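Heads up, the thing below is written out as structure tokens.
Residue numbers (UniProt numbering): 1 to 251.
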């Protein structure tokens with residue numbers, strides 16, 4: 001089943017990022033019909049971008065004034081006004097569901113499309129920044145139905161879109177050379193932003209997995225296998241111990 005996002009979902013993400021911005025005055029995200037001048041964003045604001053892949057393929061942008069982020073300096077952390085927006089944006093990206101950040105460098109041209117939604121961040125009439133989202137839906141690699149049954153309407157759509165449902169499996173060979181990103185995950189932790197900003201060398205972050213548990217092997221945010229971490233020629237590796245069923249992983 002393809003995950004769909006509505007305007008209310010976009011507004012919820014905009015409110016989430018606005019709530020995290022450490023402004024001295026309350027900010028309100030306002031949906032805008034006209035995009036800002038992208039070429040001027042990097043010169044007028046502290047800019048952060050992120051490319052997040054999982055149930056969707058999303059590119060997010062946060063641009064805020066240095067003055068708006070100034071309260072971070074009072075924490076005594078060496079984040080700087082430019083690093084602060086990136087920390088906030090990475091946190092909000094994970095609200096899109098299970099997935100991984102594949103890049104924090106997204107070309108501004110990626111937001112210059114009709115599918116991008118823009119929110120201005122304002123206190124009254126004063127502009128403090130912008131939040132932009134470009135979310136593309138990702139079709140699942142396998143049918144989620146455990147029985148394998150396909151409705152007549154679905155079958156018709158698949159036939160029109162991809163040809164006969166009994167296509168030769170050999171046609172998958174065209175995908176054999178396509179490269180995908182694999183990520184090994186040993187555990188996760190959820191922390192409020194205030195604790196993340198307080199992280200210093202030597203601090204221990206407790207993960208949601210007991211010692212000795214298998215690590216997860218993820219492909220674009222989807223669980224495909226589990227295994228144990230090993231060292232191969234001074235590099236980390238993962239010895240596969242379990243392959244996930246299609247209905248558990250790539251769905």
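Where a beta carbon is used, it is the ideal one built from N, C-alpha and C, also for glycine. All values reported here derive from a predicted model rather than from experimental measurement.
Checking the sheet assignment: what are the DSSP bridge partners for residue 183? 218
Which of the three DSSP states, helix, strand or coil, is assigned to residue 90? Correct three-state label for residue 90: helix.
Report the three-state DSSP secondary structure of residue 201 (helix, strand or coil). In the three-state scheme derived from DSSP, where H, G and I count as helix and E and B as strand, residue 201 is classed as coil.
Three Cβ pairs or more, each shorter than 8 Å: is that satisfied between the stretch 94-103 and the stretch 21-31? no
Could you pull out every residue in the same chain whose Cβ sits closer than 6 Å to the Cβ of residue 273, ignoring the five residues on either side in sequence? Nothing can be reported for residue 273: it is not among the residues displayed for the chain, which extend from 1 to 251.
Distance, residue 5 Cα to residue 237 Cα: 36 Å
Roughly how many angstroms lie between the CA atoms of residue 84 and residue 184, to the nearest whole one? 27 Å
Could you round the C-beta distance between residue 65 and residue 129 to whole angstroms and report it? I think they count as a contact, below 8 Å. Correct: roughly 6 Å between the Cβ atoms.
Where residue 134 falls, given that 16 or more other Cβ within 10 Å makes a residue buried: buried
Below 6 Å CB to CB, which residues in the same chain sit around residue 256 once its five sequence neighbours on both sides are set aside? Nothing about residue 256 can be read from this structure; the chain reaches only from 1 to 251.
With a threshold of 6 Å on Cβ separation, who are the neighbours of residue 63 within its own chain once the five nearest residues in sequence on each side are excluded? Answer for residue 63: 41, 45, 47, 129, 130, listed in chain order.
Residue 188 - containing beta strand (DSSP E), residue span: No beta strand (DSSP E) holds residue 188; DSSP gives it neither H nor E.
Please go through the same chain and pick out, in chain order, the residues whose beta-carbon is closer than 7 Å to the beta-carbon of residue 95, but skip the five residues on each side of it. 13, 16
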